[in-house]
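Here is the structure we will look at.
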Amino acid sequence: MMNVTEVPAPSNSNSQQYLTDSSQVLLGLLTLSDNCVAHPRTTDDDTGDVIARPALTSLLSALHYRDVATVEHARRVAMLALGMASQIGWEDRELKVLEVAALLHDIGKIGVPDSILFKPSSLSPEEAELMSLHYYIANDVLQAYHVDPEVLEIVSQCHEHYDRVGYDSQRVGSDVHMGARILAVADAYDSLATEQVYRKAKPHDEIMQILMLGAGTQFDGNIICSLSRWVEDGRVPTGMHLNSKGLLPSEVSEREFRGDSENAGALCHIFAYLHLLENLYDGFYLMNSDQRFVVWNRRAEDLLGHRPHHMLNNVWSNKTLGYCNEKGKPLADKKCPLFQALAERKPVTTTLPVRHRSGELVEVEVQTVPLIDSEGILKGVAEIFRNTSRQGGKTQQYRELKEAASRDSLTQTANRGEMERQLEQTLAEATNGQTAETFCVIFIDADHFKSINDDFGHTVGDDVLVELAKLLQNETYSGELVARYGGEEFVVICPATDLDQGYKRAERLRIAVSKLKIADLKGRKLTASLGIAVNEPGDTVTDLLSRADKALYEAKGAGRNTTRAYANKELDIQCQLENAQKEAKEAEAFMYKGTFHAVIASDMLVYKLAGFVDDYQSKILEVTPERVVMRLGNRGVIPGWGNHDGRRPVTIEVVIGKEEVQEPGKTRARAKRVEILVTISPVGWIRKKDVFQHRAAGVFKDLKSYFIADMDLSP
1 MMNVTEVPAP SNSNSQQYLT DSSQVLLGLL TLSDNCVAHP RTTDDDTGDV
51 IARPALTSLL SALHYRDVAT VEHARRVAML ALGMASQIGW EDRELKVLEV
101 AALLHDIGKI GVPDSILFKP SSLSPEEAEL MSLHYYIAND VLQAYHVDPE
151 VLEIVSQCHE HYDRVGYDSQ RVGSDVHMGA RILAVADAYD SLATEQVYRK
201 AKPHDEIMQI LMLGAGTQFD GNIICSLSRW VEDGRVPTGM HLNSKGLLPS
251 EVSEREFRGD SENAGALCHI FAYLHLLENL YDGFYLMNSD QRFVVWNRRA
301 EDLLGHRPHH MLNNVWSNKT LGYCNEKGKP LADKKCPLFQ ALAERKPVTT
351 TLPVRHRSGE LVEVEVQTVP LIDSEGILKG VAEIFRNTSR QGGKTQQYRE
401 LKEAASRDSL TQTANRGEME RQLEQTLAEA TNGQTAETFC VIFIDADHFK
451 SINDDFGHTV GDDVLVELAK LLQNETYSGE LVARYGGEEF VVICPATDLD
501 QGYKRAERLR IAVSKLKIAD LKGRKLTASL GIAVNEPGDT VTDLLSRADK
551 ALYEAKGAGR NTTRAYANKE LDIQCQLENA QKEAKEAEAF MYKGTFHAVI
601 ASDMLVYKLA GFVDDYQSKI LEVTPERVVM RLGNRGVIPG WGNHDGRRPV
651 TIEVVIGKEE VQEPGKTRAR AKRVEILVTI SPVGWIRKKD VFQHRAAGVF
701 KDLKSYFIAD MDLSP
């Protein structure tokens, strides 16, 4: 047998150049698999020989990092499943296998996109189909983690109907594992008993009626009866003791997997990629350096007919895979795509017939990807299949898959490829239209992002990018495209927007970023630099992006947290002048300034201000001997102003002038007075200037009433 680690690297080449994003993710999964082999299952800990304890902790940590609600659901399902299993006489290792399967049955949801996993309503049929892929992802990962085969069987079958197939077209009724039948009932019961965003929780009696309607078809009637007896008896399920010594996290293990956020973030990337892989292709397998299969996914089973338990841990052989030449004759091992990829140490794509286990020939496209580590050593190989002989296809599904392929897996914005495709299309439309339409491209770069990664770790860095992406999507208009260009850089395409409008829009984005608060940054302020360019005659995608990038470079050179536009010099200067004038005018409209003299000693001012703060429940933001800044009013869930003063927050700046003595007059005695300068500005979004001015005038009047004022110089 040829060992992949013995394949020489091409001369004068750097193996890293062959690594693609997908190969790095698959290499990460293979590394996790190798680690599980290095730390195998044992009977020494509470997981028995079902799964290695570090592997279980790692997976639960990633699930907790992704969605706490799913972790809590898994706990409740495990408790229910163990209670029912105990009712029918299960003991010891059977219960341990079932518990692990219950805790991990939804682990594949880590890879489901946010738009589906956290959708605040019921899923459409197409979304439900994409959601169902989490079962396949779970199997991929659990295979790589070398969990007990019985756990794999339970997890892979728990979604199937009792008397007919669910997502699997090869298994029926009595072939479904008893543990999968138990888990299916427990999962359905907890889902119905838990309040969802699209429906209220159902009471026990109604849930039992729903389950019984599915008895004999979707569910095993005997399992439902055991659940009913267990609940009616009012006995505590056997699984409850696991809070103290079993697999359900105790206080110590809870802290343990909560704290493993760095590895959890890396695992989430792997799961997200597996979701795309399950969407876009018709099967794949993963092989280690000993040429043994460590992952054989369900779609590969459907495509080629080989069940996972026939493939896993077995040595690669074309006698099993069945690659053929154009005449349908089996290829010799060394003529298969695998050995070509190993010899060249780079991905190889080949179209050839493969013989299904049933004997039928299937035309497939095979992508063979060597998995190379940072030291240039081949650790394994992945082969990814696409069925080219399929006619037609699921048009709706493939529309969904196309959408998934166009998105950045971390931020769920458009990815660079999709951005460039749409930019090219927009350029063509602007050029070929009867009237040339101007549109704008905005480059956005998070300032000093490397220091965030260095100081807080890459997991926090990823969180910052996700929050930044959400803000950009919330702040942009319908019809505009937000895309992640790479690293900490984003691009916004604004149709029907000239340079003047684009500059104004970019400034609004910059200010919004500067106000973004991210708890993990521990008070550090996030800012961004922005560069703008508009399309010009004869532009290519490269030309337009290059100008926007140059503008971004100028913004960084100007000290960051600023916006620069790049066009021809005359337009650029004109744009800056006009924008400066407009900004000054708009700033004046949303700022209220007033002055009055308080007939009071300066050392008494603080007591007067304290009375105002207490009575109006204001919040002090800054205090110095000469200046006090406070906030009055509360922000709602939506950052815009509400319909009453309590939801119309403002910032009040009070500047205390010098104290002077007022000489006595005919009607007044000698007194001290202090000049008070007040500036009021809005907090949050507000469009109507008159609404702000009315609110600010009222606040100024209320503030002034707390002092003995003899002169009003307010507007």
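Residues in the sequence shown are numbered from 1 upward in steps of one, following full-length UniProt numbering. We treat Cβ as the ideally placed atom computed from N, Cα and C, and that holds for glycine.
Buried versus exposed, by CB contacts within 10 Å (16 or more), residue i
i, result
"residue 196", "exposed"
"residue 620", "exposed"
"residue 327", "exposed"
"residue 109", "buried"
"residue 597", "buried"
"residue 273", "buried"
"residue 607", "exposed"
"residue 618", "buried"
"residue 431", "exposed"
"residue 547", "buried"
"residue 248", "Confidence at residue 248 is low in this model, with a pLDDT of 46, below 50, so its placement is unreliable and the value that follows should be read with caution. Buried."
"residue 382", "buried"
"residue 623", "exposed"
"residue 170", "At residue 170, the pLDDT of 35 sits below 50, so the modelled position is not reliable; the number obtained from the coordinates is stated separately. By the 10 Å Cβ count, residue 170 comes out exposed."
"residue 146", "buried"
"residue 483", "buried"
Rounded straight-line distance, which links the Cα of residue j to that of residue i
i, j, result
"residue 653", "residue 600", "19 Å"
"residue 696", "residue 680", "6 Å"
"residue 414", "residue 486", "11 Å"
"residue 434", "residue 496", "Its pLDDT being 46, under 50, residue 434 is placed unreliably by the model, and nothing is read from it."
"residue 537", "residue 500", "18 Å"
"residue 268", "residue 387", "28 Å"
"residue 305", "residue 320", "10 Å"
"residue 589", "residue 644", "20 Å"
"residue 154", "residue 115", "28 Å"
"residue 118", "residue 128", "13 Å"
"residue 429", "residue 481", "16 Å"
"residue 686", "residue 71", "41 Å"
"residue 411", "residue 552", "21 Å"
"residue 91", "residue 78", "15 Å"
"residue 270", "residue 369", "16 Å"
"residue 61", "residue 49", "20 Å"
"residue 535", "residue 35", "52 Å"
Delimiting residues of the alpha helix (DSSP H) encompassing residue i
i, result
"residue 125", "125-131"
"residue 553", "541-557"
"residue 445", "First-last for residue 445: 440-446, but that is the beta strand (DSSP E), not the alpha helix (DSSP H)."
"residue 344", "337-344"
"residue 485", "Unbroken run through residue 485 is the beta strand (DSSP E), 481-486; no alpha helix (DSSP H)."
"residue 449", "449-456"
"residue 691", "689-704"
"residue 57", "53-66"
"residue 151", "149-157"
Spatial neighbours of residue i in its chain, beta-carbon cut-off 6 Å, leaving aside the 5 residues before and after
i, result
"residue 349", "367"
"residue 527", "447, 514, 561"
"residue 354", "322, 323, 362, 364"
"residue 194", "201"
"residue 152", "142"
"residue 282", "299, 303, 385, 386, 387"
"residue 98", "81, 85, 179"
Extent of the continuous beta strand (DSSP E) to which residue i belongs
i, result
"residue 649", "Taken as a continuous stretch (DSSP letters only), residue 649 belongs to no beta strand (DSSP E), as it is neither H nor E."
"residue 367", "361-372"
"residue 597", "592-598"
"residue 516", "It is not in any beta strand (DSSP E) - residue 516 carries neither H nor E in the DSSP assignment."
"residue 285", "283-288"
"residue 529", "528-534"
"residue 629", "627-632"
"residue 387", "378-387"
Own chain residues within Cβ distance below 7 Å of residue i, not counting five before or after
i, result
"residue 318", "330, 331, 333, 336"
"residue 488", "445, 446, 449, 465"
"residue 221", "215"
Close beta carbons around residue i, own chain, < 8 Å, minus the five adjacent residues each side
i, result
"residue 627", "653, 654, 655, 656"
"residue 356", "303, 304, 305, 322, 362"
"residue 721", "The structure shown does not extend to residue 721, since the chain spans only 1 to 715, so no value can be given for it."
Any chain D beta carbon closer than 8 Å to residue i
i, result
"residue 340", "In the structure shown, chain D does not exist; there is a single protein chain."
Cβ pair count under 8 Å reaching 3, the stretch 99-108 against the stretch 131-138:
Taking 8 Å as the limit for Cβ pairs, the verdict is that the stretch 131-138 does touch the stretch 99-108.
Should the stretch 503-517 be called in touch with the stretch 461-474, which here means at least 3 C-beta pairs below 8 Å?
Because the criterion of three Cβ pairs below 8 Å is met, the stretch 503-517 and the stretch 461-474 touch.
When you compare the stretch 58-67 with the stretch 209-218, are there three or more beta-carbon pairs, one atom per stretch, that lie closer than 8 Å?
Contact between the stretch 58-67 and the stretch 209-218 is absent: fewer than three C-beta pairs spanning the two stretches fall below 8 Å.
So does the stretch 456-464 actually touch the stretch 416-432, counting three or more Cβ pairs closer than 8 Å?
The answer is no - the stretch 416-432 does not touch the stretch 456-464, with fewer than three Cβ pairs under 8 Å.
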